[in-house]
Amino acid sequence: MSSSDVILEEFEVLESIYADELVKLSEKDIRIDIEPDSLDDGEDSLKLAMTVHYTDSYPDELPELSLQLIDGEVDEDDIRALLASARAVGQENIGMAMTFTIISQLREQLSSFIRTRSERREKEVRELERKALEEEEARTRGTPVTVKSFTEWKIKFDKEVSLRKMRTEEEKSKTMTAKEREEYKKIAARLTGKRLSSHSVRVVTLPLFLLFRASTL
């Protein structure tokens, strides 16, 4: 059987199987749309167009193949890998009509490619969710309490309290007469002295500790 007869017979078979997908461009050229065998719910669609040019030596020589993206997302590297696989399948079928076998292989590979990509994306989403959860747990746990961290916080807290108290006293003194201010200073000094003598050893109360813990969350 001559090369032309083999090509003509193969065209007839392909047209009967892929009536909607195949376009005959010339006596030795066809284009066929290739999609995955099956898609699960939620998976992205993907469609490639394969152009086939049959040489005068076909089927004893590989046809010239090319792939073009029609719909969906796929990297150029993946297209090159699919094309290399198609040529490898063709090489295994030298001497016989091979186009249907190449198409079937590509359809299976597209299905596998989409499944693998979907699984990879799901894994990435799960990893992002895991990291977000860990960060949230770390944030809500707060900073571990140490003597150093509490002491640093206590010094800062005392300064803020003193500053707030000083501002309050300044505002209060503005409404006093000179004599009232003098009396107020004497009373404040006596109270301060009593506090210092009665609290020479400072004890951290529970409310103050809880306030520190809240500030680290």
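For what it's worth, full-length UniProt numbering labels the leading residue of the sequence shown as 1, then goes sequentially. Built from N, CA and C at the ideal position, the CB exists for glycine as well.
Taking the C-beta atoms as reference points, residue 14 is found no nearer than 8 Å to residue 116. By the Cβ criterion, the region 35–55 is in contact with the region 109–123, since at least three pairs of Cβ atoms, one from each stretch, lie closer than 8 Å.
Inclusion of residue 87 and residue 62 in the CB contact set at 8 Å is warranted, their separation being smaller than that value.
Each of 83, 75 and 79 was checked against the Cα of residue 64, and the nearest Cα belongs to 83. In this structure, 85 is the residue among 85, 171, 27 and 97 with its C-alpha nearest to the C-alpha of residue 105. The beta-bridge partner set that DSSP reports for residue 31 consists of 23 and 51.
Exclusion of the five residues before and after residue 70 leaves 33, 47, 48 and 49 as the residues of its chain whose Cβ lies within less than 8 Å of its Cβ. Between residue 7 and residue 28, the C-beta gap is smaller than 8 Å, which places the two residues in contact.
For residue 70, the enclosing beta strand (DSSP E) stretches over residues 64–71. Look at residue 128 here: in three-state DSSP terms it is helix.
Assigned with DSSP and collapsed to three states, residue 40 falls in coil, not helix or strand. Here the C-alpha atom of residue 146 lies approximately 26 Å from the C-alpha atom of residue 131. Under the three-state reduction of DSSP, residue 56 is assigned to coil, being neither helix nor strand. For residue 90, the secondary structure class from DSSP, reduced to helix, strand or coil, is helix. Counting the other CB atoms within 10 Å of its CB gives residue 95 a total below 16, which places it among the exposed residues.
At least 8 Å separates the beta-carbon of residue 118 from that of residue 56. Annotated three-state conformation of residue 76 is helix, per DSSP.
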